[in-house]
Amino acid sequence: YSTTIYILQCIVLLYKLQCISDQFEVLGPTDPIVAVAGDDIILPCYLKPNISAEDMTVDWLNLDFLDRRVYRYQNHRIIRDDQIPSYRGRTSLFEEELWRGNTSLKLTRVQGTDEGRYKCFIKAKSWYDDFTIQVLVEAVGSKPVVSIEGHREGGMGLLCESEGWHPEPELVWLDSEGVHLSAGPPKIHKDIKGFYTVKLHVIVQETDTNRFTCRVQQSRINEKMETEIHLPSE
Numbered sequence: 060y061s062t063t064i065y066i067l068q069c070i071v072l073l074y075k076l077q078c079i080s081d082q083f084e085v086l087g088p089t090d091p092i093v094a095v096a097g098d099d100i101i102l103p104c105y106l107k108p109n110i111s112a113e114d115m116t117v118d119w120l121n122l123d124f125l126d127r128r129v130y131r132y133q134n135h136r137i138i139r140d141d142q143i144p145s146y147r148g149r150t151s152l153f154e155e156e157l158w159r160g161n162t163s164l165k166l167t168r169v170q171g172t173d174e175g176r177y178k179c180f181i182k183a184k185s186w187y188d189d190f191t192i193q194v195l196v197e198a199v200g201s202k203p204v205v206s207i208e209g210h211r212e213g214g215m216g217l218l219c220e221s222e223g224w225h226p227e228p229e230l231v232w233l234d235s236e237g238v239h240l241s242a243g244p245p246k247i248h249k250d251i252k253g254f255y256t257v258k259l260h261v262i263v264q265e266t267d268t269n270r271f272t273c274r275v276q277q278s279r280i281n282e283k284m285e286t287e288i289h290l291p292s293e
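As structure tokens, then:
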């Protein structure tokens with residue numbers, strides 16, 4: 060009987076030791092990672108202490124997606140079954156670094172849809188932890204293209220268009236004095252990669268200068284471009 064108790068105590072002790080040996084923290088950067096569209100980036104994530112993650116499950120999730128999985132490493136192989144389609148062929152771990160607890164994710168050819176909150180989730184047999192990283196994507200779009208639409212409602216119709224932005228930019232029409240002109244609501248299109256095209260119509264009346272400017276601006280990335288048009292006098 061005493062031998063049985065001793066064996067049970069040993070089993071419990073071994074289990075506790077195993078649990079203790081599995082314990083770790085998952086760490087990463089606290090500041091957002093700012094990524095330029097088209098570039099490759101690394102989302103840092105590592106274990107403390109620097110124990111091996113080779114036998115663990117490494118999950119990278121984008122919390123802003125309904126289907127969240129960006130990448131999964133499990134049982135010494137990559138699991139692609141339920142990966143978000145837009146990440147296929149663009150994600151990888153540094154597998155040669157897993158033994159030292161480096162579970163960072165490399166993301167190539169960054170696009171607008173990559174912006175969001177990423178969770179690095181690491182699970183061992185008896186322990187798990189995670190860390191969340193914010194990724195911000197910046198893309199500077201095209202200089203505004205201005206076209207004349209012809210006579211509209213007692214004035215001249217103008218159209219301004221700019222594409223390839225992230226985040227969504229603002230379009231405004233200005234007169235020669237820099238005063239904002241009243242325009243209709245912008246037409247906004249977001250493509251499959253998360254980049255924005257914006258169009259803005261305005262109807263202008265003839266002025267002394269007949270000069271009008273379309274400005275595209277994005278305050279978060281501190282970008283602004285302008286295109287001026289001169290209408291011939293009638």
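Counting along the sequence shown from 1, when you hit position 176 you're at 235 in this note's numbering, and nothing is skipped either side. Just so it is clear, CB atoms sit at the ideal spot from N, CA and C, and this is done for glycine as well. These figures come from a predicted structure and were not determined experimentally.
- The beta carbon of Met115 sits closer than 7 Å to those of Ile181, Lys182 and Ala183, all from its chain and outside the five residues before and after it, given in chain order.
- Residue pairing for Gln133: DSSP places it in a beta bridge opposite Arg136.
- When Asn109, Glu113 and Thr150 are compared, the shortest CA-CA separation from Trp119 is found for Thr150.
- Taken through DSSP and simplified to helix, strand or coil, Thr89 comes out as coil.
- According to the DSSP assignment, Asp188 belongs to the beta strand (DSSP E) that extends over Tyr187 to Glu197.
- DSSP places Arg159 within a helical segment (H, G or I) once states are collapsed to three.
- Taking a C-beta distance under 8 Å as the contact criterion, Pro226 and Arg279 qualify as a contact pair.
- Contact between the stretch 215–230 and the stretch 146–163 is not established, with fewer than three Cβ pairs separated by less than 8 Å.
- Burial state of Glu236 is exposed, judged by a 10 Å Cβ sphere holding fewer than 16 other Cβ atoms.
- Spatial neighbours of Pro108 in its own chain (CB-CB distance under 8 Å, excluding positions within 5 residues in sequence) are listed in chain order as Phe83 and Gly160.
- Arg176 is bridged by DSSP to Gln193.
- If you draw a straight line from the Cα of Leu259 to the Cα of Gly253, it is about 20 Å long.
- When C-alpha distances from Glu222 are compared across Phe124, Gly200 and Thr266, the shortest belongs to Gly200.
- In this structure, the CA atom of Tyr105 is about 26 Å from the CA atom of Gly171.
- Here Gly223 carries a strand assignment [DSSP, helix/strand/coil].
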